[in-house]
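J.: Below are the structure tokens for one structure; questions will follow.
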Amino acid sequence: MAVAAETRPDPAALLAWYDRHRRRLPWRAEPGERADPYRVWLSEIMLQQTTVKAAGPYFLRFLERFPDVGSLAAAPLADALRLWAGLGYYSRARNLHACAQAVAARHGGRFPACEAELLALPGVGPYTAAAIAAIAFDLPAIVVDGNVERVVTRLFALETPLPAAKPEIRRLAGLIAPEARPGDFAQAMMDLGATICTPRRPACALCPWSEPCAARRAGTQETFPRKAPKAERPTRRGVAFWVERPDGAALLRSRAPKGLLGGMTETPTGRWAADVDLTLPVSALAAEAPLAAEWRRTPGLVTHVFSHFALELAVLAARVPAGTPAPAGARWVAAAELANEALPSVFRKVAAHAGAGRRS
DNA sequence: GAGCCGTGGCC
DNA sequence: TGGCCAAGGCT
């Protein structure tokens with residue numbers, strides 16, 4: 172696609188807007204200050220598919236517990252998973268820990284000031300490598316995230332649907348990038364997408380690139396970016412088991428190290444599948460129970476939506492005598508320690524549904 | 001390329 | 001209310 176000179180977006184206009192509207196964020200250096208590559212990296216991993224609002228508290232807790240990459244590399248993976256619980260996409264936490272160890276082992280504890288070397292680190296893909304290179308080291312990397320995709324496809328009214336449009340978007344983003352201030356330009360593009368060029372109801376009247384924007388000129392800005400239709404989300408069903416001792420301790424397990432919720436803590440559950448029938452009697456639902464007990468079914472269901480399927484969980488609860496041994500692979504966790512477990516949200520819902528800690 | 005991989009907020 | 005969305009990466 173050719174870009175006419177008179178409609179080409181001027182990077183200076185965007186940088187001037189950025190200087191006036193620069194947001195203060197926990198991981199962002201003050202103007203004139205040098206960015207800390209560790210903080211830039213940590214924030215970029217947390218911000219993958221995650222809102223600023225959700226990531227903020229996690230970032231501050233991680234920084235307090237792990238003030239530098241060396242402290243994170245030296246800590247057990249379980250500590251990182253516990254701190255990550257609730258933020259989702261848990262492979263990020265596993266890769267975060269692996270990346271810290273790689274930086275400690277391969278790079279002497281300092282992040283490399285090189286996009287290609289950053290890209291080779293666990294959990295660091297094309298976007299994150301470019302973002303760290305630009306923001307932490309002010310290298311001229313082309314940073315393309317979901318914000319930049321939206322801004323660029325609107326600027327050029329790009330009809331190609333995502334994800335096929337990615338190479339063209341990268342080329343166009345490189346066309347409008349300035350030689351000076353690559354880090355500020357990258358953050359300005361993302362801030363513009365996050366605050367002005369939003370998915371719905373973009374504030375074009377406040378946009379420094381309103382004039383050269385092809386989609387705005389046509390009045391079609393909200394229809395970009397074009398996207399391929401999404402696959403439907405199937406429903407799976409299953410049974411979760413809540414087992415409590417008289418002292419309130421609950422039976423928990425650790426999940427397989429990889430895959431869905433990999434490495435995290437869970438309540439015992441049966442298989443999750445579309446053909447599980449939750450209308451069966453309790454005696455049948457208890458077929459996959461972790462131990463023999465007098466099960467009672469908690470009324471209602473726990474529902475949870477994952478990225479690629481929805482889940483409906485029936486909850487069977489039981490009280491077992493003091494001294495009941497934990498079955499193989501499971502462990503007793505005191506009620507007071509439940510909050511410190513690496514429990515993903517779906518299992519916190521199960522605990523709440525079963526009335527964890529409630530005396531009857 | 002496409003499926004897998006969480007969660008909470010929004011309208 | 002449910003579909004969509006958020007600073008993606010891995011296989």
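Residue numbering for the first sequence follows the numbering used here, starting at 172 and increasing by one per position. For glycine and all other residues, C-beta sits at the position ideal for the given N, C-alpha and C.
Just list the residues that DSSP pairs Arg-424 with in beta bridges.
T.: Note: Arg-424 sits in a beta bridge opposite Glu-437 and Ala-501.
J.: Are at least three pairs of beta-carbons, each pair with one atom in the stretch 207–219 and one in the stretch 305–312, less than 8 Å apart?
T.: They touch, by the three-pair rule.
J.: Alpha carbon to alpha carbon, how far is Lys-398 from Leu-363? Give it in angstroms, no decimals.
T.: Going by the C-alpha atoms only, they are around 20 Å apart.
J.: I'd like to confirm the pairing. Which residues does DSSP put opposite Glu-201 in its beta bridges?
T.: Paired residue(s): none; Glu-201 is not in a bridge.
J.: If you drop the 5 nearest sequence neighbours on each side, which residues of the same chain put their C-beta closer than 8 Å to that of Met-360?
T.: Hits under 8 Å: Leu-185, Val-314, Asn-318, Val-319, Val-322 and Ala-344.
J.: Taking the Cβ atom as the reference point for each residue, do Ala-506 and Ala-421 lie within a distance shorter than 8 Å?
T.: Contact: yes.
J.: If Arg-253 and Ala-527 are in contact, beta carbons under 8 Å, what's the gap, nearest whole angstrom?
T.: The Cβ separation is near 18 Å, so there is no contact.
J.: Excluding the 5 residues flanking Gly-433 on each side, which residues of the same chain have their C-beta closer than 8 Å to its C-beta?
T.: Tyr-261, Ser-262, Arg-265, Arg-426 and Ala-427, listed in sequence order.
J.: Hey, how far is the Cα of Ser-531 from the Cα of Glu-508?
T.: Bear in mind that the predicted position of Ser-531 carries a pLDDT of just 42, short of 50, making it unreliable; the figure below should be weighed with that in mind. For Ser-531 and Glu-508, the distance between alpha carbons rounds to 21 Å.
J.: With DSSP collapsed to three states, give me the class of His-278.
T.: It is coil, neither helix nor strand.
J.: Going by DSSP, what residue range makes up the alpha helix (DSSP H) through Val-521?
T.: Element bounds for Val-521: 516–525.
J.: Just to confirm, is the Cβ distance from Ile-216 to Gly-294 under 8 Å?
T.: Yes, they are a contact pair.
J.: Have a look at Glu-465 and Ala-402 and give me their C-alpha separation to the nearest angstrom.
T.: Straight-line Cα distance between these residues: approximately 41 Å.
J.: Answer yes or no: do Leu-329 and Ala-336 have a C-beta to C-beta separation smaller than 8 Å?
T.: Taking 8 Å as the Cβ cut-off, Leu-329 and Ala-336 qualify as a contacting pair.
J.: Can you name the start and end residues of the alpha helix (DSSP H) that Gly-255 belongs to?
T.: Strictly speaking, residue 255 in this sequence is Trp, with Gly absent from that position. Counting along the chain, the alpha helix (DSSP H) containing Trp-255 begins and ends at 248–255.
J.: Under the assumption that Thr-440 contacts Phe-412 (Cβ atoms under 8 Å), give the Cβ distance between them as a whole number of angstroms.
T.: 7 Å between Cβ atoms; contact.
J.: When you compare the CB positions of Ala-256 and Pro-515, do they come within less than 8 Å of one another, or not?
T.: Yes. Within cutoff.
J.: Would Ala-455 and Arg-407 be called neighbours here (beta carbons separated by less than 8 Å)?
T.: It is not a contact, given that the beta carbons lie outside the stated cut-off.
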